[in-house]
């Protein structure tokens, strides 16, 4: 079991294909340099499942230098991670809070998103329907409110467990 923060030395492993930090006692931020692991992000999803992150991920998670988050509520993962070729993101079973920012729609390469079992709230942004490559989605066990998007591929995510346990 790992304790402490994610070491930035992981970012020197340029050929890393899979990163699974699940079921640890990690805290702090996800190092920004993780997004530069091209070997990993083109092959396998990032898994932070059950890591119990206490702090928010860094501000670059949802946007880049050309974008700003105009939402008044803080993002659970900061303000910016643009489309860097990320195909899968698993941040399930952590303690993330806040809302999903509108900028998530910029992650055009995303095929798999699992943010289940957190404390996320607010409405699901309609901009998520711009992620047309998304084929797996799990938003269950959060505090989301309002309707879920029904445009584009969201019409195929009609399996109740994908959205279960939200008010």
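Residue numbers (the UniProt record's numbering): 1 to 167.
The beta-carbon is built from N, C-alpha and C at its ideal position, and this holds for glycine as well.
All figures in this text were calculated on a predicted structure; none of them were measured in a lab.
Closest by CA to residue i, which one among the options?
| i | options | result |
| --- | --- | --- |
| residue 147 | 162, 131 and 123 | 123 |
| residue 143 | 103, 164 and 155 | 164 |
| residue 141 | 127, 94 and 103 | 94 |
| residue 109 | 155, 97, 87 and 125 | 87 |
| residue 11 | 149, 131, 155 and 33 | 33 |
Roughly how far, in whole angstroms, is the beta-carbon of residue i from the beta-carbon of residue j, given that I think they are within contact range, below 8 Å?
| i | j | result |
| --- | --- | --- |
| residue 89 | residue 113 | 6 Å |
| residue 116 | residue 92 | 5 Å |
| residue 118 | residue 138 | About 11 Å separates the two Cβ atoms, so there is no contact after all. |
Could you pull the DSSP bridge partners for residue i from this structure?
| i | result |
| --- | --- |
| residue 102 | According to DSSP, residue 102 bridges with nothing at all. |
| residue 122 | 144 |
| residue 151 | Partner(s): none; residue 151 has no beta bridge. |
| residue 136 | 112 |
Is residue i near the ligand ADP - that is, is its Cβ less than 8 Å away from at least one heavy atom of it?
| i | result |
| --- | --- |
| residue 7 | The ligand ADP is absent from the structure shown, which contains no ligands of any kind. |
Less than 9 Å between the C-beta atoms of residue i and residue j, yes or no?
| i | j | result |
| --- | --- | --- |
| residue 134 | residue 111 | yes |
| residue 145 | residue 167 | yes |
| residue 132 | residue 153 | yes |
Ordered along the chain, which non-local residues of its own chain (more than five positions away) have a Cβ less than 6 Å from that of residue i?
| i | result |
| --- | --- |
| residue 71 | Unreliable positioning characterises residue 71 in this predicted model, as indicated by a pLDDT of 38, which lies under 50. A coordinate reading is not provided. |
| residue 155 | none |
Identify, in the order they occur along the chain, each residue of the same chain with its Cβ nearer than 7 Å to the Cβ of residue i, setting aside the five sequence neighbours on each side.
| i | result |
| --- | --- |
| residue 157 | 137 |
| residue 149 | 124, 126, 128 and 129 |
| residue 7 | none |
Grab me the residues of residue i's own chain with a C-beta within less than 8 Å of its C-beta, minus the 5 sequence neighbours each way, in chain order.
| i | result |
| --- | --- |
| residue 9 | none |
| residue 151 | 126 and 129 |
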